[in-house]
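K.L.:
One structure is given below, represented as structure tokens, and several questions about it will come after.
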Amino acid sequence: GNIIDNENFSSFGYVQVHEAGNIETKGVLVKVEALEELGVSGAKELYEIMNGIENYADSGWYKVGVDIEPGEHIIESYGSGYVAIVSGPVGDYDIIKNDNFDGRYSVNLQEGQYLNISRATIVE
Numbered sequence: 141g142n143i144i145d146n147e148n149f150s151s152f153g154y155v156q157v158h159e160a161g162n163i164e165t166k167g168v169l170v171k172v173e174a175l176e177e178l179g180v181s182g183a184k185e186l187y188e189i190m191n192g193i194e195n196y197a198d199s200g201w202y203k204v205g206v207d208i209e210p211g212e213h214i215i216e217s218y219g220s221g222y223v224a225i226v227s228g229p230v231g232d233y234d235i236i237k238n239d240n241f242d243g244r245y246s247v248n249l250q251e252g253q254y255l256n257i258s259r260a261t262i263v264e
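Listed below in structure tokens is the structure:
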């Protein structure tokens, strides 16, 4: 009866599936272990293949070291953007830093963290 976590993905992301409760999705749910079997490194690459696009850098839930390189990145909003650096996937994370912003925003990412951006694009 309690909600563990809730997220609306505009593109792709990572979710910790717990052994209790229900998952509702209108998209595709793939085990992380199956990514290698599918021949992809992460959720971003799978999303690009499924949608016939390259170098996707828009709204999503990126895993640092897999979907995006560690280090400093510049994110640019279209309208009011949102950025969060978190410690893990949806359902199993702590917020390290988050902010609503307009314009350009700088983040410094470390291996193993996750970057959630909405209404924004990674430009550098």
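Taken in order, the sequence shown gives residues 141 to 264; the numbers are from the working numbering.
Virtual Cβ for every residue (Gly too), placed ideally from N, Cα, C.
If you drop the 5 nearest sequence neighbours on each side, which residues of the same chain put their C-beta closer than 6 angstroms to that of V155?
P.N.:
If you number the sequence shown from 1, residue 155 lands on position 15. Excluding positions up to five away in sequence, the list reads P229, V230, G231.
K.L.:
Return the chain-ordered list of same chain residues with a C-beta closer than 6 angstroms to the C-beta of T88, the five sequence neighbours on each side being excluded.
P.N.:
This structure cannot speak to residue 88, because the chain is shown only from 141 to 264.
K.L.:
Quick one: what's got a C-beta closer than 8 angstroms to I189's C-beta in the same chain, skipping five residues either side?
P.N.:
Stepping through the sequence shown from its first residue, residue 189 is reached at position 49. V180, listed in sequence order.
K.L.:
Work out the CA separation of Y202 and I208 for me, nearest whole Å.
P.N.:
Position 68 of the sequence shown holds residue 208. Position 62 of the sequence shown holds residue 202. Spanning the two alpha carbons is a distance of roughly 7 angstroms.
K.L.:
Please list the terminal residues of the continuous alpha helix (DSSP H) segment that includes N191.
P.N.:
Indexing the sequence shown from 1 puts residue 191 at position 51. Looking at the DSSP string, the run of the alpha helix (DSSP H) that includes N191 is 183 to 191.
K.L.:
Please list, in chain order, all residues of the same chain as G205 whose beta carbon is under 8 angstroms from its beta carbon, the five residues on each side excluded.
P.N.:
On the sequence shown, position 65 is the one that residue 205 refers to. Excluding positions up to five away in sequence, the list reads E251, G252.
K.L.:
What does the alpha-carbon distance come out to for the pair H213 and E177?
P.N.:
Numbered from 1 along the sequence shown, position 73 holds the residue referred to as residue 213. Numbered from 1 along the sequence shown, position 37 holds the residue referred to as residue 177. Computed Cα separation, rounded: 30 angstroms.
K.L.:
Please state the DSSP three-state secondary structure of V172.
P.N.:
Reading the sequence shown from its first residue, position 32 is the one you call residue 172. Looking at V172 - three-state DSSP - the assignment turns out to be helix.
K.L.:
Hey, S220 and D239: beta-carbon distance below 7 angstroms or not?
P.N.:
One-based indexing of the sequence shown puts residue 220 at position 80. One-based indexing of the sequence shown puts residue 239 at position 99. Cβ distance not < 7 angstroms, so S220 and D239 don't count as in contact.
K.L.:
Leaving out the 5 sequence neighbours to the left and right, which residues in its chain are closer than 7 angstroms to I235 when beta-carbon positions are compared?
P.N.:
Position 95 of the sequence shown holds residue 235. A224, V226, listed in sequence order.
K.L.:
Taking the beta carbon of N256 as the centre, do at least 16 other beta carbons fall within 10 Å, making it buried, or is it exposed?
P.N.:
The count along the sequence shown starts at 1 and reaches residue 256 at position 116. Buried, because 16 or more other Cβ atoms sit within 10 Å of the Cβ of N256.
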